[in-house]
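Enquirer: Protein sequence lines correspond, in order, to chains L and E.
If you read the first sequence in this note's numbering, its first letter stands for residue 1, the second for the next number, and so on.
If you read the second sequence in this note's numbering, its first letter stands for residue 1001, the second for the next number, and so on.
Next up is a structure, given as structure tokens.
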Amino acid sequence: MTDAELRDLSSATQARVDHLVVAEMVTPGARVLDVGCGDGALLSLLVRMRQVDGRGIELSREGVATCVSHGHAVIQGDADTDLGDYPDDCFDFVILSQTLQATRNPRRVIEQMLRIGHHAIVSFPNFGHWGVRSSLFFKGRMPVTANLRHAWYDTPNIHFCTIRDFVALVEEIPATMEKAVALNAAGERIGFNAPWWLWNLLGEQAVFLIKRV
Amino acid sequence: MARKSRQAAGSAHSQAESPDSAVIRFDMDRPLQLESGQFLAPLQVAYNTYGTLNAARSNAILICHALTGDQHVANVHPVTGKPGWWEIMIGPGRLMDTNRYFVICANVLGACMGTTGPSSINPATGRPFGLDFPVITIGDMVNAQAMLIEHLGIDKLLSVVGGSMGGMQVLDWAARYPERVFSAMPIATGAKHSAQNIAFDEVGRQAVMADPDWRGGRYIEEGTRPEKGLAVARMAAHITYLSEQALQRKFGRALQDRDSRTFSFDADFQVESYLRHQGSSFVERFDANSYLYLTRAMNYFDMAADHGGRLANAFAGSKTRFCVISFTSDWLFPTSDSRAIVHALNAAGAPVSFVEIESDKGHDAFLLDEPALFATMRGFLEAAAAARGV
Chain L
1 MTDAELRDLS
11 SATQARVDHL
21 VVAEMVTPGA
31 RVLDVGCGDG
41 ALLSLLVRMR
51 QVDGRGIELS
61 REGVATCVSH
71 GHAVIQGDAD
81 TDLGDYPDDC
91 FDFVILSQTL
101 QATRNPRRVI
111 EQMLRIGHHA
121 IVSFPNFGHW
131 GVRSSLFFKG
141 RMPVTANLRH
151 AWYDTPNIHF
161 CTIRDFVALV
171 EEIPATMEKA
181 VALNAAGERI
191 GFNAPWWLWN
201 LLGEQAVFLI
211 KRV
Chain E
1001 MARKSRQAAG
1011 SAHSQAESPD
1021 SAVIRFDMDR
1031 PLQLESGQFL
1041 APLQVAYNTY
1051 GTLNAARSNA
1061 ILICHALTGD
1071 QHVANVHPVT
1081 GKPGWWEIMI
1091 GPGRLMDTNR
1101 YFVICANVLG
1111 ACMGTTGPSS
1121 INPATGRPFG
1131 LDFPVITIGD
1141 MVNAQAMLIE
1151 HLGIDKLLSV
1161 VGGSMGGMQV
1171 LDWAARYPER
1181 VFSAMPIATG
1191 AKHSAQNIAF
1201 DEVGRQAVMA
1211 DPDWRGGRYI
1221 EEGTRPEKGL
1231 AVARMAAHIT
1241 YLSEQALQRK
1251 FGRALQDRDS
1261 RTFSFDADFQ
1271 VESYLRHQGS
1281 SFVERFDANS
1291 YLYLTRAMNY
1301 FDMAADHGGR
1311 LANAFAGSKT
1321 RFCVISFTSD
1331 WLFPTSDSRA
1341 IVHALNAAGA
1351 PVSFVEIESD
1361 KGHDAFLLDE
1371 PALFATMRGF
1381 LEAAAAARGV
């Protein structure tokens, strides 16, 4: 999809651009686990666009109840503790959408995702974005933006990272980077040929497709 | 008091032979093979239905009742005169809308409200079975229900739903007849009985058997009733259905109709009076031998052991959608029991949802008006109905 197509699809389906980017990475009919699936919006999109066999894990009971009422199979649970219950290789894709920064042990979570799925998709707000940097640099304050809405003292987001940090973690685990997409504030993808430092500066959100080495 | 309960006892016993509900009899040519290897025939199954089976026969929901429940799930109870035990959930416009769904509930095998059990007449002797009734299992209860469902002409149940011992039947249904169960809701239950659960049941059984009126299980012929023993069994069990917080909130150390301690063994405390009432009202509607048999069936339940030691094997290849529900303060079937089920269903690749509901009301929360329970069940059932085209 081109950026224009992505934008049109987003406004036509009311789907978030980052969700559409994730959906583009998932193969049709795949078995998918969405870790931290919230109200099931991404699962619904994946069922609609990719006809996946979708499952979810969600911390809040209200979120699970909403997902269940939409026909999704979702377990009330915790990404940090409950991924260990799944057997090896039981999913084609394990997705962690905008949840990485809220996990207690992000590395362990990603390793578990790579164990139970053939591929892992991780999306997160980029703490290396120029807006974040300028908030710290010029105001000396922790950033509060559209993507990072919580004040530092009551945020569920305890493990922020930048695109560069994530790339380093993928190398350290080690895992294979299959695809990476950075979205700027307008929800447009940053040119694939752009260097990491530019992605890290301009990307407000990032979506990575990785797999076991 | 003695006279009153004697009358009630007569009423409860008449329910065993000719219940105030629909009945299906399977004759000697359709014996039920029990897991013990024995055969049971003839077999009577008493059941109630609510709503209408649609033309596609796709809107049937089977409710499985708990240890001391019965088929009177959504109608006035013929012995106690009280509303059905899940009447808040079943009826026109309710969670299980009887304008839309066909709801079935059968008295379980071994019970005392019209399905064959130890107080039924043994055709071989012409006397009540008593302890000559074969020891039955959860699987036997499910097989008896399956005969009823087949008789009703239903190939696939939209949902099988139940809490506690009913939840065990739900799990067994899904494992035994996966192609006949579109969706399943096991609530406040486990895939096996814990040592603690077996221990509590053994206290109850010993209380029944220690009552001189039990007469080795032949009390019906001898015209006695082990009311004291059964009441003690119920009192002990009832504590396990509540939680410490619920007991504290409801009773604390409050005294019953008195200002100070009486320095006697009267029911000084409200909690004592409450438990005594639970015991005495229970014996009016329940059969002591049924209590022995049904608790035994629960004790024997261990799905993993029946499937090569691995619970996931019980659900291998299952397409049934599951919604597992537990309650935070349930210590009889704690959330860890439900999580073990979820873990196994995940390992088997079955579509499973799971919710742990915050409640301080203990195990019995599944019988109460818990909004979070209702919201989850309603959402799951509606999604299942939509997928099934109901």
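Built from N, CA and C at the ideal position, the CB exists for glycine as well.
Going by beta carbon distance, what residues of the same chain come within less than 6 Å of E:R1003, once the five residues before and after it are set aside?
Expert: Confidence at E:R1003 is low in this model, with a pLDDT of 39, below 50, so the placement of that residue should be treated as unreliable; the coordinate-derived value is given next. Within the same chain, E:R1003 has no close Cβ partners at all.
Enquirer: In its own chain, which residues sit with a C-beta less than 7 Å from the C-beta of E:M1028, not counting the 5 before and 5 after it?
Expert: Here the set comprises A1041 and P1042.
Enquirer: Residues in its own chain within less than 6 Å of E:I1154 by CB, not counting five upstream and five downstream?
Expert: Once the five neighbours on either side are set aside, the close Cβ partners of E:I1154 are R1057 and A1060.
Enquirer: Taking only beta-carbon positions, decide if E:E1382 is within less than 8 Å of chain L.
Expert: By this cut-off, E:E1382 is an interface position.
Enquirer: Mind listing the chain L neighbours of E:V1352? Cutoff is C-beta to C-beta under 7 Å, in chain order.
Expert: By Cβ distance, chain L contributes A73 and I75.
Enquirer: Any residues in the stretch 1326-1354 of chain E with a beta carbon nearer than 7 Å to a beta carbon of chain L? Which ones, in chain order?
Expert: Correct list: V1342, H1343, N1346, A1347, G1349, P1351, V1352, S1353 and F1354.
Enquirer: Alpha carbon to alpha carbon, how far is E:K1319 from L:L83? Give it in angstroms, no decimals.
Expert: Cα to Cα, L:L83 sits roughly 22 Å from E:K1319.
Enquirer: Does any residue of chain E bring its CB to less than 8 Å from the CB of L:R61?
Expert: Yes, L:R61 counts as interfacial toward chain E.
Enquirer: Give me, in chain order, the residues of the same chain whose beta-carbon lies closer than 7 Å to that of E:P1371; leave out the 5 immediate sequence neighbours on both sides.
Expert: Around E:P1371: no qualifying Cβ.
Enquirer: Note the first and the last residue of the continuous beta strand (DSSP E) segment covering L:Q205.
Expert: Q205 to R212 is the extent of the beta strand (DSSP E) around L:Q205.
Enquirer: Consult DSSP for E:S1005 and reduce its assignment to one of helix, strand or coil.
Expert: Bear in mind that a pLDDT of 42 at E:S1005, under 50, signals an unreliable position, so the model cannot answer this.
Enquirer: Is E:V1324 helix, strand or coil by DSSP?
Expert: In this structure, E:V1324 counts as strand in the three-state DSSP scheme.
Enquirer: Between E:D1302, E:L1247, E:L1292 and E:D1140, which has its C-alpha nearest E:A1210's C-alpha?
Expert: If we check each option's Cα against that of E:A1210, E:L1292 comes out closest.
Enquirer: In the stretch 1188-1221 of chain E, which residue ranges form an unbroken alpha helix (DSSP H) of at least 4 residues, counting only runs that do not cross its ends?
Expert: Fully enclosed alpha helix (DSSP H) runs of 4 or longer: 1195-1210.
Enquirer: Strictly by DSSP, which residues pair up with E:C1064?
Expert: Beta-bridge pairing links E:C1064 to E:G1162.
Enquirer: Using a Cβ-Cβ cut-off of 6 Å (strictly less than) and excluding sequence neighbours within five positions of E:D1172, which residues of its own chain qualify?
Expert: Here the set comprises I1138, G1139 and V1142.
Enquirer: Considering only the beta carbon of each residue, do L:C161 and L:F208 sit closer than 8 Å?
Expert: Contact: no.
Enquirer: Between L:R55 and L:V26, how many whole angstroms is the CB-CB distance? I'm expecting something under 8 Å.
Expert: The Cβ separation is near 13 Å, so there is no contact.
Enquirer: Exposed or buried, E:E1017, counting other C-beta atoms within 10 Å across all chains shown (16 or more means buried)?
Expert: By the neighbour-count rule (16 or more Cβ atoms within 10 Å), E:E1017 is not buried but exposed.
Enquirer: Starting from E:A1386, find everything on chain L with Cβ-Cβ shorter than 9 Å and list it in chain order.
Expert: In chain order: G71.
Enquirer: Kindly indicate which three-state DSSP category E:Q1015 falls into: helix, strand or coil?
Expert: In this structure, E:Q1015 counts as helix in the three-state DSSP scheme.
Enquirer: Using 10 angstroms around the beta-carbon of E:Y1050, count the other beta-carbons present and answer buried if the total reaches 16, otherwise exposed.
Expert: Its Cβ being crowded by 16 or more others within 10 Å, E:Y1050 is buried.
Enquirer: Take L:V22 and list the residues in its own chain whose beta-carbon comes closer than 7 Å to its own, dropping the five residues that flank it on each side.
Expert: So the list reads L42, I95, S97, I121, S123 and V207, once near-sequence residues are dropped.
Enquirer: Candidates E:Y1219, E:P1019 and E:E1035: which alpha carbon is nearest E:A1111's?
Expert: Comparing Cα-Cα distances from E:A1111 to each of E:Y1219, E:P1019 and E:E1035, the minimum goes to E:P1019.
Enquirer: Rank E:M1113, E:T1115, E:G1126 and E:V1135 by C-alpha distance to the C-alpha of E:Q1038 and give the top, closest one.
Expert: With distances taken between Cα atoms, E:Q1038 lies closest to E:V1135.
Enquirer: Straight-line CA distance for E:Q1015 to E:L1368?
Expert: Those two C-alpha atoms are separated by around 26 Å.
Enquirer: Spatial neighbours of E:E1382 within its chain, please: CB distance less than 8 Å, with the 5 preceding and 5 following residues excluded, ordered by chain position.
Expert: Within the same chain, E:E1382 has no close Cβ partners at all.
Enquirer: If E:T1125 sits next to E:Q1044, beta carbons under 8 Å apart, how far is it from one beta carbon to the other, in whole angstroms?
Expert: Wrong, their Cβ atoms sit about 17 Å apart, outside the cutoff.
Enquirer: Would you mind sorting E:D1070 into buried or exposed? The rule is 16 or more other CB atoms within 10 Å of its CB.
Expert: E:D1070 is buried by the Cβ-count criterion.
Enquirer: Bridge partners of E:G1275, per DSSP?
Expert: The question names Gly, but residue 1275 of chain E is Leu in the sequence shown. Bridge partners of E:L1275: none, in fact.
Enquirer: So what's L:L33 in DSSP terms, helix, strand or just coil?
Expert: Correct three-state label for L:L33: strand.
Enquirer: Can you give me the Cβ contacts of E:L1275 inside the same chain, cut-off strictly under 7 Å, excluding the 5 residues immediately before and after it?
Expert: These residues qualify, in order along the chain: M1235 and H1238.
Enquirer: Identify whether L:H118 lies in helix, strand or coil by the three-state DSSP scheme.
Expert: Strand at L:H118.
Enquirer: Looking only at its chain, what residues have a beta carbon closer than 6 Å to the beta carbon of E:V1232, apart from the 5 residues adjacent to it on each side?
Expert: These residues qualify, in order along the chain: A1207.
Enquirer: Any idea what DSSP makes of E:T1125, helix, strand or coil?
Expert: In the structure shown, E:T1125 sits in coil (DSSP, three-state: anything other than H, G, I, E or B).
Enquirer: In whole angstroms, what is the alpha-carbon distance linking E:V1170 and E:I1325?
Expert: Their backbone Cα atoms lie some 12 Å apart in a straight line.
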